[in-house]
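Single-structure report; data block below.
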DNA sequence: TATTGTTATACTCTATAACTATA
DNA sequence: TATAGTTATAGAGTATAACAATA
């Protein structure tokens, strides 16, 4: 009946290993995991409210506030009140923030190649395509 | 330069969604996530020490003790001192524990099919094979 | 003295609830 | 009165350190 391990049982340790490998890279670029997650989310997607950003990255709206404070203090993001509704904060990457995000992502993906290097071109293509599709499904399934 | 999302950025939300979907199934079978993880680890692999089990599943040795207490009280595992070294506890699934583990896994994998159902046979085969291989790599990379 | 399992404590992360400022 | 953001508090989960039993 059971002819494969559980998806979660395979993916969970893998994610932990991927994140453990990311940590020193993030630290070298002056970012936390949540900080990097925010930069990825804002890249190309300026966001109108902090609550929307929090929901998009699966965080509590109270949880990201210290992260946003730090990113702003470091000059990675701009955050200013919406003139049309001064309760709302508009969020966007600064040029510097975009550069740091790019450099960090480059380093992370270089590290991740360690996992993919032994795959054939076609296995790699299929795996990444399917994974991307499942990730999009998970986004649409927020609960 | 960056032509794909980060592996971790794709997998992390996916794992969270998979685990969220598991939770009600586990509860219906009287198991916690750690309890189920222990049953999976013990299945076909009786283990000589609790510390070894903890390391295998990526947990702290102190963390699994309440889990083992509960599994033992529920009759899912046997735990008794090794006659050769009475400091050591031998751990093994009971018959009942094996049945519960099988039934739970069956239900979990049925739920997981939701993610895989739209894949072609060949995409499915490649994805699961590569994922399995990466999971094995992660096991060998414990830090 | 070293090791296995256990318990007690402290720490980190996260969520809940209360507060402010705008609308 | 309702909503966006913030702050304060409480809770869950985890790790660190001390302890008892056995070797």
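Residue numbers (the working numbering), protein chains in the order written: chain A, 4 to 146; chain B, 4 to 146.
Beta carbons: idealized from backbone N, C-alpha and C, even for Gly.
Contact check, residue i vs residue j, beta carbons under 8 angstroms
i	j	result
residue 14(B)	residue 118(A)	no
residue 79(A)	residue 50(A)	no
residue 7(B)	residue 131(A)	yes
residue 35(B)	residue 65(B)	no
residue 60(A)	residue 44(A)	yes
residue 100(B)	residue 17(B)	no
residue 11(A)	residue 116(B)	no
residue 37(A)	residue 62(A)	yes
residue 133(A)	residue 9(B)	no
residue 56(A)	residue 94(A)	yes
Opening and closing residue of the alpha helix (DSSP H) in which residue i lies
i	result
residue 117(B)	98-119
residue 124(B)	124-143
Any chain A beta carbon closer than 8 angstroms to residue i
i	result
residue 110(B)	no
residue 130(B)	yes
residue 120(B)	no
residue 144(B)	yes
residue 91(B)	no
residue 115(B)	yes
residue 30(B)	no
residue 20(B)	yes
residue 135(B)	yes
residue 138(B)	yes
residue 71(B)	no
Bridge-paired residues (DSSP) for residue i
i	result
residue 95(B)	81(B)
residue 88(B)	85(B)
Below-8 angstroms beta-carbon distance, residue i vs any chain B residue
i	result
residue 10(A)	yes
residue 152(A)	There is simply no residue 152(A) to check, as chain A begins at 4 and stops at 146 in what is shown.
residue 141(A)	yes
residue 5(A)	yes
residue 96(A)	no
residue 57(A)	no
residue 126(A)	yes
residue 38(A)	no
Discussion item. Could you tell me which whole beta strand (DSSP E) segments of length 3 or greater appear in the segment 32-72 of chain B?
Written reply: none
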